[in-house]
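Peer 1: Quick one: structure below, then a few questions.
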Amino acid sequence: MPCFDLTTQQPVQNTDDDQINGTLTYTYDRSKHELEMQLIMKYSPFQTMNDLFKQFDLIKSSSGTLIVLYNLKLSDIGEPELDIKTDPYDILIDSRNRRNLLTDDDDR
231 MPCFDLTTQQ
241 PVQNTDDDQI
251 NGTLTYTYDR
261 SKHELEMQLI
271 MKYSPFQTMN
281 DLFKQFDLIK
291 SSSGTLIVLY
301 NLKLSDIGEP
311 ELDIKTDPYD
321 ILIDSRNRRN
331 LLTDDDDR
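Numbering (our numbering), first residue to last: 231 to 338.
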């Protein structure tokens with residue numbers, strides 16, 4: 231997936247010096263990056279690159295991870311299969327919507 235510098239909002243690119251010093255581990259490939267960005271724009275709720283980059287403003291520290299959940303699959307009872315409400319710091323599989331596959335014999 232694309233990797234960006236939060237301060238410049240530019241793709242991270244390795245130079246030979248960076249690789250030798252071990253300061254960056256992401257290798258930039260322009261064609262791969264452009265394809266990944268096209269896929270993000272096609273399947274995300276964002277209409278423009280500017281809309282996408284506004285989301286990075288939510289990261290208040292100098293580094294972080296942005297996870298965008300969009301168009302989640304719903305269970306048979308109409309609830310999302312991923313639970314993002316129970317714990318604001320974790321994404322859970324919503325166990326309320328899963329069938330209990332254990333029989334009475336398995337409980338012992």
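Just so it is clear, CB atoms sit at the ideal spot from N, CA and C, and this is done for glycine as well.
Quick one: Cα of Thr316 to Cα of Leu299, how far?
Peer 2: Near 15 Å, if we compare the C-alpha coordinates of Leu299 and Thr316.
Peer 1: For Gln285, which residues in the same chain have their Cβ closer than 8 Å to its Cβ, ignoring the five residues on either side in sequence?
Peer 2: Once the five neighbours on either side are set aside, the close Cβ partners of Gln285 are Phe276, Leu296 and Val298.
Peer 1: Let's see if you can read the secondary structure: which residues bound the alpha helix (DSSP H) around Asn301?
Peer 2: From DSSP, Asn301 is part of no alpha helix (DSSP H); its letter is neither H nor E.
Peer 1: In the DSSP assignment, the alpha helix (DSSP H) including Glu266 goes from what residue to what residue?
Peer 2: Unbroken alpha helix (DSSP H) run through Glu266: Arg260 to Tyr273.
Peer 1: Since Phe283 is in the alpha helix (DSSP H), which residue starts that stretch and which ends it?
Peer 2: Segment Met279 to Lys284, the alpha helix (DSSP H) holding Phe283.
Peer 1: Which term fits Leu322, buried or exposed, when burial requires 16 or more other beta carbons within 10 angstroms of its beta carbon?
Peer 2: With fewer than 16 Cβ atoms within 10 Å of its Cβ, Leu322 is classed as exposed.
Peer 1: Closer than 8 Å by C-beta to Ser274: which residues in its own chain qualify, once you throw out the five before and the five after it? Chain order, please.
Peer 2: So the qualifying residues of the chain are Leu282, Val298 and Tyr300.
Peer 1: Measuring only the C-alpha atoms, how far is Leu312 from Phe234?
Peer 2: If you take the alpha carbons of Leu312 and Phe234, they lie about 27 Å apart.
Peer 1: How is Asp313 classed by DSSP in three states: helix, strand or coil?
Peer 2: Asp313 falls in the strand class under three-state DSSP.
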